[in-house]
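The sequence shown maps to residues 1 to 331 in UniProt numbering.
Only one structure is covered here, and it is reproduced in the block below.
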Amino acid sequence: MLSAPALARDTVNVVGSSTVYPFATVVAERFGRNTSFPTPKLESTGSGGGFKLFCAGIGTQHPDITNASRRMKASEFDMCQRNGVEAITEVKIGADGIVIANSKQADQMDLSLRQVFLALAKEVPDPKGGDKLVANPYEKWSDIDSGLPAKAIRVMGPPPTSGTRDAFVEIAMEGGCKTYGFIKAMEKKEMRGVCHNMREDGAFVEAGENDNLIVQRLVQDKDTLGIFGYSFLMENSGEIQATTINGVAPTPDTIADEKYPVARSLFFYIKNAHAGVVPGIAEYAQEFTTEGAWGDNGYLVDVGLIPNPRNVRMETAKAVRELKPMTGDEL
Numbered sequence: 001m002l003s004a005p006a007l008a009r010d011t012v013n014v015v016g017s018s019t020v021y022p023f024a025t026v027v028a029e030r031f032g033r034n035t036s037f038p039t040p041k042l043e044s045t046g047s048g049g050g051f052k053l054f055c056a057g058i059g060t061q062h063p064d065i066t067n068a069s070r071r072m073k074a075s076e077f078d079m080c081q082r083n084g085v086e087a088i089t090e091v092k093i094g095a096d097g098i099v100i101a102n103s104k105q106a107d108q109m110d111l112s113l114r115q116v117f118l119a120l121a122k123e124v125p126d127p128k129g130g131d132k133l134v135a136n137p138y139e140k141w142s143d144i145d146s147g148l149p150a151k152a153i154r155v156m157g158p159p160p161t162s163g164t165r166d167a168f169v170e171i172a173m174e175g176g177c178k179t180y181g182f183i184k185a186m187e188k189k190e191m192r193g194v195c196h197n198m199r200e201d202g203a204f205v206e207a208g209e210n211d212n213l214i215v216q217r218l219v220q221d222k223d224t225l226g227i228f229g230y231s232f233l234m235e236n237s238g239e240i241q242a243t244t245i246n247g248v249a250p251t252p253d254t255i256a257d258e259k260y261p262v263a264r265s266l267f268f269y270i271k272n273a274h275a276g277v278v279p280g281i282a283e284y285a286q287e288f289t290t291e292g293a294w295g296d297n298g299y300l301v302d303v304g305l306i307p308n309p310r311n312v313r314m315e316t317a318k319a320v321r322e323l324k325p326m327t328g329d330e331l
């Protein structure tokens with residue numbers, strides 16, 4: 001049971017991913033307008049930060065729902081269990097692509113995953129050859145490949161607490177890194193250390209959890225690139241453009257069928273113990289998972305969500321109605 005002060009809160013509290021935040025905000029505002037429940041309170045903490053808050057315990061000082069731009073890790077599920085957050089419903093809401101974008105006033109770029117890795121990793125294979133890693137020597141894009149612009153490498157991206165960062169290093173950086181046989185052959189932990197470590201010499205700049213700041217910077221500085229979710233590209237498509245990766249542009253179709261190399265799934269997680277206590281949790285989750293919201297022609301598509309296939313939506317909506325708890329074996 002929750003303690004007496006637990007009953008003092010009548011507003012759903014949602015934390016987590018900055019990428020899922022715009023989608024969740026649209027749902028929350030509609031939910032507040034169209035039902036008798038207060039509009040849920042949302043906070044953008046990053047996926048990792050959201051799981052920490054969500055898994056800290058039961059009781060209304062803790063959030064009810066956390067958004068994530070990657071799946072919960074087994075270690076996070078274990079942390080939840082240890083702190084009494086036992087029954088959790090996982091909701092896969094759709095897909096998103098991670099884009100590398102720049103100002104429309106600049107030339108559009110085409111990069112391979114290997115070039116992305118070489119531009120942004122702390123250590124890279126020695127350009128002189130051999131199976132040796134050296135501190136990243138590349139200062140301009142043209143140092144990596146003479147076909148790329150002779151401009152300084154300057155990329156703004158999310159911090160380590162961000163699910164976008166997690167997904168970017170796992171999909172893009174690791175994807176490029178593993179094109180080197182000697183790195184791919186390393187023990188997993190060592191390989192991840194090489195692939196996931198971003199350079200700290202100013203070429204890569206952490207921009208915090210506010211993707212809008214990155215967009216503003218790109219508009220002001222046409223030589224800088226930025227890393228964020230596809231929905232932010234959609235929102236700002238008048239001013240910024242996406243880099244093609246391995247020759248593929250991010251579009252709803254290429255992200256949904258994963259032809260675009262940096263696509264990932266988006267989630268939120270419900271703390272089932274709070275559902276009977278804080279009013280509106282189950283109803284908010286059900287609104288999010290209606291066809292009118294997340295379906296092929298739903299209002300979330302207008303703000304950049306790439307819908308799940310219909311059979312996945314049906315199955316997930318049923319799990320939400322039943323508040324079906326995860327077992328941990330999914331992870």
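A virtual CB, placed ideally from N, CA and C, is assigned to each residue, including glycine.
With 16 or more other Cβ atoms inside 10 Å of its own Cβ, residue 158 counts as buried. For the pair residue 125 and residue 133, the Cα-to-Cα distance works out to about 4 angstroms. Per DSSP, residue 37 lies in no beta strand (DSSP E) and is assigned neither H nor E. DSSP places residue 252 inside the alpha helix (DSSP H), whose first and last residues are 252 to 256. Of all C-beta pairs linking the segment 56 to 71 to the segment 267 to 287, three or more are shorter than 8 angstroms, placing the two stretches in contact. With distances taken between CA atoms, residue 234 lies nearest to 249 out of 249, 224 and 245. Taking a cut-off of 8 angstroms on C-beta distances, the segment 207 to 220 touches the segment 150 to 157, as three or more cross pairs fall below it. Excluding five sequence positions before and after residue 123, the CB atoms of its chain that fall closer than 8 angstroms to its own CB belong to 133, 134, 135, 136, 194 and 197, given in chain order.
For residue 79, the closest C-alpha among the options 95, 57, 71 and 90 is that of 57.
The alpha carbon of residue 228 has as its nearest neighbour, out of 321, 205 and 330, the alpha carbon of 205.
For residue 306, no beta strand (DSSP E) run applies, since DSSP gives it neither H nor E. Counting only residues of its own chain and dropping the five nearest sequence neighbours on each side, residue 210 has a CB closer than 8 angstroms to the CB of 18 and 44. Shown here for residue 267: same chain residues with a beta carbon closer than 7 angstroms to its own, the five before and five after excluded, namely 68, 71, 90, 91, 92 and 93 in chain order.
Under the three-pair Cβ rule at 8 angstroms, the segment 316 to 331 does not count as touching the segment 30 to 44. Put simply, the backbone Cα of residue 258 is about 26 angstroms away from that of residue 27. A check of alpha carbon separations from residue 246 across 262, 178 and 151 identifies 262 as the nearest. In this model, residue 323 and residue 289 are separated by some 12 angstroms (Cα to Cα). Beta bridge pairing from DSSP links residue 94 with 266. Your pair residue 269 and residue 31 does not check out as a contact, with CB atoms roughly 18 angstroms apart and the cut at 8 angstroms. With a cutoff of 8 angstroms on beta-carbon distance, residue 325 and residue 88 are scored as near each other. Here the alpha carbon of residue 182 sits roughly 6 angstroms from the alpha carbon of residue 131.
Here residue 207 carries a coil assignment [DSSP, helix/strand/coil].
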